Amino acid sequence: MACVAALLASPALLPFPSTASASCSCRLRPRPAVVARAPRQQPRGRRALRRFDEVEGVSKKRRGIGGGAGGAAGSQASSSRRDRGLAVDFKESQVAEFEDIEEDKFLNAVVKVYCTHIAPDYGLPWQKQRQHSSSGSAFMIGDGKLLTNAHCVEHDTQVKVKRRGDDKKYIAKVLARGIECDLALLSVENEEFWKGTEALSFGRLPCLQDSVTVVGYPLGGDTISVTKGVVSRIEVTPYAHGTSDLLGIQIDAAINPGNSGGPAFNEQGECIGVAFQVYRSDEAENIGYVIPTTVVSHFLNDYQKNGKYTGFPCLGVLLQKLENPALRESLKVPSSEGVLVRRVEPTAPASTVLRKGDVIVSFDGITVGCEATVPFRSTERIAFRYLTSQKYAGDIAQLGIIRDGNSMKVQTILQPRKHLVPFHVEGGQPSYLIVAGLVFTPLTEPFIEEECEDTLGLKLLAKARYSLATFEGEQIVIVSQVLAHEVNIGYEHMGNQQVIKLNGTAVKNIHHLAHLVDTCQDKFLTFEFEDDFLVVLHRGEAATASSDILKEHAIPSVRSSDLSEPYVEAKNEVQKTSEDFGESPVTNFEMGIDCLLWA
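Throughout the sequence shown, residue numbering follows mature numbering (1 follows the signal peptide of the UniProt record, and there is no 0), covering -22 to -1, 1 to 577 in sequence.
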């Protein structure tokens, strides 16, 4: 299987990461893409540097750069220079370069981003990891704002930007992050930064074989870099950072670490997207991806409308294609159209109007094909997910369905997906609760990546991969480790085990567990874990031991700050059923992992 490597077309981290992905070696589930993020802290391999023509807006033809005939022309021009004299030649060269720079003013709207990151330590959730720095690209979009990739400013503590041809760096503020679409909005308050600048204008979605120019500040030098290529493909694409699938543009222009957040231009100098990731393997070359302006405008409109990023909604169903004629006949589908509803997420609004066995044949009046595709532009088709991604959180969608052979219309509200095991931690710092040395924390994807799946056990990992949340706010709470103390003798070996109940009450999430501990009046705290493993602690001794444990391990508090807020009971809780644990991994892909074709 082709190893999926990181882009990140990403913040440039030195040295350059190896093209073989270290992240794919310890994951049971394929990441939702033919692309994936490379671990920033992995040991880096050496890579031969490729030379780029960073001409900064100067045309190769005018400067005599090129192969074959271009080289010959350069020799003739060199001979002509000797005849005419150096002074005249130098003047003409200056004029040519000046004209080209004037024509390419849009390059001046591209800036370099310097970011300092401090990521959380999910194994020791009361502290953070070591600080590190990276660089990327961004560009001006008007109204004192810059656009870049979300992964360029992930876990940021300081963001600085520098204009082309300027030595001064300016402090930037992150206004919004779109994790799913891998976009971030920055602002710079210093008015000096904006003097003499022009914002870029956005263009329409390009066509296949259209020329595209990628501009940014990748590895290989400090100045701006320009690479050219063509549009190779336009389709719904997995986004590595956001683990979602949205419309993407595949190009063959070089995208390297540091290009992330830089614009891609058409021949008219209009921005047609944002460079953000690449696909690297021994079996493929020159596959880079650009976030199209349709996704960019959705992100910007969402921020303008709500004052924050609310996300891309989804239908919340697992679907199956209806290519087989016998399958369509058994479901009483008269024509070659529609997709079968295999499961409906209990937390999705669609769970009130859709059920297992329904066939969705249309979405807002647009017919859905039997291969889960819909018409796109004039002669193309695209994945059904594209239609839901054009909606905003809270929008209403009208679905045409066939149920038991009867056609009907239903309406549902679209909301972003609620993951039982989130891919990103809200607020940046994970929640934790320490009871007599037992460290409780919610199970998250960053925790799994940090711990490595081998240490979690198959049962817990299967729950993380296949289970669905039954109510909003539900979490899998685990004890990640036990800080040794005489009060917890006999339990020191525990680690990465899910807590099911406390004193007979089912644990809903980490906040609920803290509430149960705080309100407990019993003599003992009895924790029930998977496979009926029991941990019994004397409540009074547990409280007394807490101060010693905190002092011994230099921990500031027995709980994270978010758990100090009053606990609010979850609404609309549903009873778990066997269907909440399915055979398909829970991802942002509505088609499920078994219906996707992986490169």
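Backbone N, C-alpha and C fix where the C-beta goes; we use that ideal spot for every residue, glycine too. Remember, predicted model here, so these are calculated numbers, not experimental data.
Here's a check: name, in chain order, each residue in its chain whose Cβ is nearer than 8 Å to the Cβ of VAL339, leaving out the five neighbours to either side. On the sequence shown, position 361 is the one that residue 339 refers to. Answer for VAL339: VAL311, GLU315, GLY316, THR345, VAL346, GLY378, ILE379, ILE380 and SER385, listed in chain order.
Can you tell me where the alpha helix (DSSP H) with GLU506 in it begins and where it stops? Here residue 506 corresponds to residue number 528 of the sequence shown, with the count starting at 1. Run containing GLU506: none in the alpha helix (DSSP H); it sits in the beta strand (DSSP E), 502 to 507.
Using a Cβ-Cβ cut-off of 8 Å (strictly less than) and excluding sequence neighbours within five positions of ILE478, which residues of its own chain qualify? For this step, residue 478 is matched to residue 500 along the sequence shown. The residues are ALA484, VAL485, GLU506, PHE507 and GLU508.
So, using beta-carbon positions, are GLY220 and PRO270 closer together than 8 Å? Position 242 of the sequence shown, counted from the first residue, corresponds to residue 220. Position 292 of the sequence shown, counted from the first residue, corresponds to residue 270. No, the Cβ-Cβ distance between GLY220 and PRO270 is not below 8 Å.
Closer than 8 Å is the cut-off here; do at least three beta carbon pairs connect the segment 422 to 439 with the segment 534 to 547? A contact is defined here as three or more CB-CB pairs under 8 Å, and the segment 422 to 439 fails this definition with respect to the segment 534 to 547.
Which term fits LYS286, buried or exposed, when burial requires 16 or more other beta carbons within 10 angstroms of its beta carbon? Sequence index remark: in the sequence shown, residue 286 carries index 308 (1-based). With fewer than 16 other Cβ atoms within 10 Å, it is exposed.
Specify the secondary structure class of GLU358 as computed by DSSP and reduced to three states. Locating residue 358 in the sequence shown gives position 380, where the first residue counts as 1. When DSSP states are grouped into helix, strand and coil, GLU358 belongs to the strand group.
Evaluate ILE265 with the Cβ neighbour count: other Cβ atoms within 10 Å of its Cβ, from every protein chain shown; 16 or more gives buried, anything less gives exposed. As a working mapping, residue 265 is identified with position 287 in the sequence shown. ILE265 is classed as buried because its beta carbon has at least 16 other beta carbons within 10 Å across all chains shown.
Mapping DSSP to helix, strand and coil, what is LYS140? Counted from its first residue, the sequence shown places residue 140 at position 162. In the three-state DSSP reduction, LYS140 falls in the strand class (E or B).
Give, in chain order, every unbroken run of the alpha helix (DSSP H) that is at least 4 residues long and sits entirely within the segment 457 to 542. Look at the segment 457 to 542 and you find these whole runs of alpha helix (DSSP H), each 4 residues long or longer: 488 to 497 and 517 to 530.
Among LEU164, ASP160, ARG306 and GLU158, which one has its Cα closest to the Cα of ALA150? Counting from one through the sequence shown, the residue named residue 150 turns up at place 172. The shortest Cα separation from ALA150 among LEU164, ASP160, ARG306 and GLU158 belongs to LEU164.
Please report the distance separating the alpha-carbon of ARG258 from that of ALA242. In the sequence shown, counting from the first residue as 1, residue 258 sits at position 280. In the sequence shown, counting from the first residue as 1, residue 242 sits at position 264. For ARG258 and ALA242, the gap between their C-alpha atoms comes out near 20 Å.
Work out the CA separation of ASN474 and VAL515 for me, nearest whole Å. Indexing the sequence shown from 1 puts residue 515 at position 537. Indexing the sequence shown from 1 puts residue 474 at position 496. Checking the sequence, you will find Leu at residue 515 rather than Val. Each residue's alpha carbon lies about 19 Å from the other.
Does DSSP put SER318 in a helix, a strand or coil? Along the sequence shown, one-based indexing puts residue 318 at 340. Note that residue 318 corresponds to Leu in the displayed sequence, not to Ser. LEU318 falls in the strand class under three-state DSSP.
Closest to ASN86 by CA distance: which of ALA116, ILE96 and LYS106 is it? The sequence position of residue 86 within the sequence shown is 108, counting from 1. The shortest C-alpha separation from ASN86 is found at ALA116.
So the candidates are LEU102, LYS138, LYS123 and ILE119; which of them puts its Cα closest to the Cα of SER111? Position 133 of the sequence shown, counted from the first residue, corresponds to residue 111. Ranking the options by Cα distance to SER111, first place goes to LYS138.
Proximity winner among LYS529, THR497 and ALA532, relative to ARG517 (alpha-carbon distances): Here the question's residue 517 lines up with position 539 in the sequence shown. Closest by C-alpha distance to ARG517, out of LYS529, THR497 and ALA532, is THR497.
When you compare the CB positions of LEU503 and ALA520, do they come within less than 8 Å of one another, or not? In the sequence shown, residue 503 corresponds to position 525, counting from 1. In the sequence shown, residue 520 corresponds to position 542, counting from 1. In this structure, ALA520 lies closer than 8 Å to LEU503 by Cβ.
With DSSP collapsed to three states, give me the class of PHE425. Working through the sequence shown from its first residue, we reach residue 425 at position 447. Helix at PHE425.
Nearest neighbour of VAL131, chosen from ILE96, ASP144 and VAL457 [CA to CA]: To locate residue 131, count along the sequence shown from 1; it is residue 153. Out of ILE96, ASP144 and VAL457, ILE96 has the C-alpha closest to the C-alpha of VAL131.
For ASP160, report the span of its alpha helix (DSSP H) as first-last. What you label residue 160 is simply residue 182 of the sequence shown in a count that begins at 1. Segment: none, ASP160 is in no alpha helix (DSSP H) and carries neither H nor E.
Within 8 Å, strictly: CB atoms of VAL192 and ALA253: Here residue 192 is taken as the residue at index 214 of the sequence shown, counted from 1. Here residue 253 is taken as the residue at index 275 of the sequence shown, counted from 1. Annotated as proximal: VAL192 and ALA253, with beta-carbon spacing under 8 Å.
Any 3 or more C-beta pairs closer than 8 Å across the segment 416 to 432 and the segment 296 to 305: Counting C-beta pairs closer than 8 Å gives fewer than three between the segment 416 to 432 and the segment 296 to 305, which falls short of the contact rule.
Please report how far the alpha carbon of ASP144 lies from the alpha carbon of THR135, in whole angstroms. As a working mapping, residue 144 is identified with position 166 in the sequence shown. As a working mapping, residue 135 is identified with position 157 in the sequence shown. About 23 Å.
Starting from the C-beta of ASN237, find all residues in its chain whose C-beta is less than 7 Å away, skip the five residues before and the five after it, and write them out in chain order. By 1-based counting over the sequence shown, the position of residue 237 is 259. Within the same chain, ASN237 has close Cβ partners ALA(-14), SER115, VAL192, GLY194, PRO196 and ALA253.
How would you write the range of the beta strand (DSSP E) that THR126 sits in, first residue to last? For the purposes of this step, residue 126 is taken as the residue at position 148 of the sequence shown. Run containing THR126: 123 to 126, per the beta strand (DSSP E) assignment.
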